[in-house]
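*Asks:*
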Amino acid sequence: MNAAIRAAVRTADSLNISVYGVWRGFQGLVEQDWRPLTSRNCANILQRGGTILNTARCEAWHLPAVRAKAAQDLRDAGVDALVVIGGDGSFTGAELLNREHGISCAGIPGTIDNDLPGTDRTLGFDTALNTAVQAIDRIRDTASAHERIFLVEVMGRSSGMIAVNTAIACGAEAVLYPESEAQGYDALVTQLKAGWQRGKRSSIVVVAEGDSTGGAYKISERLQSEYNLDLRVVVLGHIQRGGSPTALDRIWGSMWGAEAVKRLAAGETSFYLGSQHGELVTNPFSRIRDPKPNPPKELAALAGILAR
Numbered sequence: 001m002n003a004a005i006r007a008a009v010r011t012a013d014s015l016n017i018s019v020y021g022v023w024r025g026f027q028g029l030v031e032q033d034w035r036p037l038t039s040r041n042c043a044n045i046l047q048r049g050g051t052i053l054n055t056a057r058c059e060a061w062h063l064p065a066v067r068a069k070a071a072q073d074l075r076d077a078g079v080d081a082l083v084v085i086g087g088d089g090s091f092t093g094a095e096l097l098n099r100e101h102g103i104s105c106a107g108i109p110g111t112i113d114n115d116l117p118g119t120d121r122t123l124g125f126d127t128a129l130n131t132a133v134q135a136i137d138r139i140r141d142t143a144s145a146h147e148r149i150f151l152v153e154v155m156g157r158s159s160g161m162i163a164v165n166t167a168i169a170c171g172a173e174a175v176l177y178p179e180s181e182a183q184g185y186d187a188l189v190t191q192l193k194a195g196w197q198r199g200k201r202s203s204i205v206v207v208a209e210g211d212s213t214g215g216a217y218k219i220s221e222r223l224q225s226e227y228n229l230d231l232r233v234v235v236l237g238h239i240q241r242g243g244s245p246t247a248l249d250r251i252w253g254s255m256w257g258a259e260a261v262k263r264l265a266a267g268e269t270s271f272y273l274g275s276q277h278g279e280l281v282t283n284p285f286s287r288i289r290d291p292k293p294n295p296p297k298e299l300a301a302l303a304g305i306l307a308r
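Residues in the sequence shown are numbered consecutively from 1, following full-length UniProt numbering.
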């Protein structure tokens, strides 16, 4: 996210446009907590994880009167447009502000789940993916040495994007994720048994936190109870949300941050940016209500083939 902030500020500066940073998202709009951002105070943030603006949920934003006051506060401060970085909740909030009060809004997709309609890439996904792969590479060493099965839980409450991609990149023996119709507990047992019969003495199973089987700990309890296996569970958790962003996240963040400002300056008023087949694209905010994308079937199939 910091790459996008930096690019937006520097692009605006090149167009002689002043920029304010809103602290803690829509909560900051409600509390008028915004401060000037310049090329100087946005220096050396490119490599930092998270966001320098901090973030928070804002239940009050659901109230029309709260949005109306925030819109008036923005006008009183001379603010013409907003750049909003986030997911479907953030984009819905931006769309309401634009539709109800005419505040121009541009969205930049930012969620590690990579599950927004209209884009095949979101900020944070590549960094979270690489963090998970690096961790599992280390877990693989001890799994092999001690001949154990490790169940590694990655983030993805309703999306298997991280799980499927991680499974391929780290050579997992199996992957469980919310959208899978074919993969479940019984299929997992079948895969593990097939591996044992081929002489495998260790396995890595990647589990998305929202998997229908109940997550890594529930699966572990059942496997230990039914088969008396020597298992270990590792929950990567919020380690996937931090750390220095990858080059890919920095580059796309920079491109989207710059493009958002350029399009707002050119008069566009309501859109969010995305990527399709490597090309930068724009979407109307209304598209955020389309069905969320599932992991590509070919990737899911590949994960199964490579695990054999």
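Glycine included, each C-beta is placed from N, C-alpha and C at the ideal position.
This structure is a prediction, so every number in the text was calculated from the model and none was measured.
Measuring CA to CA, which of A56, C105, D13 and L63 is closest to residue 311?
*Replies:* Residue 311 cannot be examined here, being either before or after the span of the chain that is shown, 1 to 308.
*Asks:* Using beta-carbon positions only, say whether N54 and W23 come within less than 9 angstroms of one another.
*Replies:* In the sequence shown, residue 54 corresponds to position 54, counting from 1. In the sequence shown, residue 23 corresponds to position 23, counting from 1. In this structure, W23 lies closer than 9 angstroms to N54 by Cβ.
*Asks:* I5 and C58 look like a contact to me (Cβ under 8 angstroms); what is the Cβ gap, rounded to whole Å?
*Replies:* Mapped onto the sequence shown, residue 5 falls at position 5. Mapped onto the sequence shown, residue 58 falls at position 58. Not a contact, Cβ separation roughly 19 angstroms.
*Asks:* How long is the line joining the alpha carbons of P64 and V261, rounded to whole angstroms?
*Replies:* Reading the sequence shown from its first residue, position 64 is the one you call residue 64. Reading the sequence shown from its first residue, position 261 is the one you call residue 261. So the two alpha carbons sit approximately 27 angstroms from each other.
*Asks:* I139 to I168, Cα distance in whole Å?
*Replies:* On the sequence shown, position 139 is the one that residue 139 refers to. On the sequence shown, position 168 is the one that residue 168 refers to. Distance between the alpha carbons of I139 and I168: 15 angstroms.
*Asks:* Three-state secondary structure (DSSP) at V79?
*Replies:* As a first step, residue 79 is located in the sequence shown; it is residue number 79 there, counting from the start. Of the three classes helix, strand and coil, the one that applies to V79 here is coil, per DSSP.
*Asks:* Which word fits N98, buried or exposed, when buried means at least 16 other C-beta atoms lie within 10 angstroms of its C-beta?
*Replies:* Along the sequence shown, one-based indexing puts residue 98 at 98. Label assigned to N98: buried.
*Asks:* Taking 8 angstroms as the threshold, find out whether the region 129-137 comes into contact with the region 146-166 through three or more Cβ pairs.
*Replies:* Yes, since at least three Cβ pairs between the region 129-137 and the region 146-166 fall closer than 8 angstroms, the two stretches touch.
*Asks:* For R250, does the three-state DSSP call read helix, strand or coil?
*Replies:* Against the sequence shown, residue 250 aligns to sequence position 250. Of the three classes helix, strand and coil, the one that applies to R250 here is helix, per DSSP.
*Asks:* Residues bridged to Q276 by DSSP?
*Replies:* Here residue 276 refers to the residue found at position 276 when the sequence shown is read from its first residue. BP columns for Q276 point to E279.
*Asks:* S159 by DSSP, collapsed to three states: which one?
*Replies:* Looking up residue 159 in the sequence shown gives position 159. In this structure, S159 counts as coil in the three-state DSSP scheme.
*Asks:* Could you give the residue range of the beta strand (DSSP E) that holds W34?
*Replies:* Position 34 of the sequence shown, counting from 1, holds the residue named residue 34. It spans W34 to L37 - the beta strand (DSSP E) in which W34 sits, taken as one unbroken run.
*Asks:* Please work out which residues of its chain come closer than 6 angstroms, Cβ to Cβ, to D249, disregarding the five sequence neighbours upstream and downstream, and give them in chain order.
*Replies:* Indexing the sequence shown from 1 puts residue 249 at position 249. Answer for D249: L123, D126 and T127, listed in chain order.
*Asks:* Is P109 buried or exposed, if buried means 16 or more other CB atoms sit within 10 Å of its CB?
*Replies:* Working through the sequence shown from its first residue, we reach residue 109 at position 109. P109 is buried by the Cβ-count criterion.
*Asks:* Does DSSP classify R67 as helix, strand or coil?
*Replies:* For the purposes of this step, residue 67 is taken as the residue at position 67 of the sequence shown. Helix.
*Asks:* Do you know how far the Cα of G160 is from the Cα of P295?
*Replies:* For the purposes of this step, residue 295 is taken as the residue at position 295 of the sequence shown. For the purposes of this step, residue 160 is taken as the residue at position 160 of the sequence shown. About 6 angstroms.
*Asks:* Can you find the residues in the same chain that come closer than 6 angstroms, C-beta to C-beta, to R48, ignoring five residues on each side of it along the sequence?
*Replies:* As a position in the sequence shown, residue 48 is number 48, starting the count at 1. N2.
*Asks:* Does DSSP classify S203 as helix, strand or coil?
*Replies:* Counted from its first residue, the sequence shown places residue 203 at position 203. The answer is strand: DSSP assigns S203 an E or B state.
*Asks:* What do you reckon, are the CB atoms on W61 and L37 nearer than 9 angstroms?
*Replies:* Counting from one through the sequence shown, the residue named residue 61 turns up at place 61. Counting from one through the sequence shown, the residue named residue 37 turns up at place 37. For W61 and L37, no; Cβs fall outside 9 angstroms.
*Asks:* Taking all protein chains shown into account, do 16 or more other C-beta atoms lie within 10 angstroms of the C-beta of N228, making it buried, or fewer, making it exposed?
*Replies:* The residue labelled residue 228 in the question sits at position 228 within the sequence shown. Counting Cβ neighbours within 10 Å, N228 comes out exposed, since fewer than 16 surround it.
*Asks:* What is the rounded straight-line gap between the Cα of L151 and the Cα of R308?
*Replies:* Looking up residue 151 in the sequence shown gives position 151. Looking up residue 308 in the sequence shown gives position 308. Going by the C-alpha atoms only, they are around 17 angstroms apart.
*Asks:* Between T51, V83 and L223, which lies nearest to E268 when the distance is taken from Cα to Cα?
*Replies:* To locate residue 268, count along the sequence shown from 1; it is residue 268. When each option's Cα is compared against that of E268, the closest is V83.
*Asks:* Let me know if P245 comes out buried or exposed under the rule of 16 or more other beta-carbons within 10 Å of its beta-carbon.
*Replies:* Position 245 of the sequence shown, counted from the start, is the residue given in the question as residue 245. Looking at its Cβ environment, which holds 16 or more other Cβ atoms inside 10 Å, P245 is buried.
*Asks:* By Cβ distance, which residues of its chain are closer than 8 angstroms to L302, with the 5 residues on each side in sequence left out?
*Replies:* On the sequence shown, position 302 is the one that residue 302 refers to. I168, listed in sequence order.
*Asks:* Run through the DSSP bridge pairs and tell me what F150 is partnered with.
*Replies:* As a first step, residue 150 is located in the sequence shown; it is residue number 150 there, counting from the start. Answer is I204 and R232.
*Asks:* Are E209 and M255 close, meaning C-beta to C-beta below 9 angstroms?
*Replies:* For this step, residue 209 is matched to residue 209 along the sequence shown. For this step, residue 255 is matched to residue 255 along the sequence shown. Going by C-beta atoms, E209 is not nearer than 9 angstroms to M255.
*Asks:* If I measure Cβ to Cβ from L96 and keep anything under 7 angstroms in the same chain, skipping five residues before and after, which residues do I get?
*Replies:* For the purposes of this step, residue 96 is taken as the residue at position 96 of the sequence shown. R67.
*Asks:* Have a look at L280 and A8 and give me their C-alpha separation to the nearest angstrom.
*Replies:* The count along the sequence shown starts at 1 and reaches residue 280 at position 280. The count along the sequence shown starts at 1 and reaches residue 8 at position 8. So the alpha carbons of these two residues sit roughly 16 angstroms apart.
*Asks:* Starting from G107, follow the beta strand (DSSP E) in both directions and report where the run begins and ends.
*Replies:* As a position in the sequence shown, residue 107 is number 107, starting the count at 1. Run containing G107: S104 to P109, per the beta strand (DSSP E) assignment.
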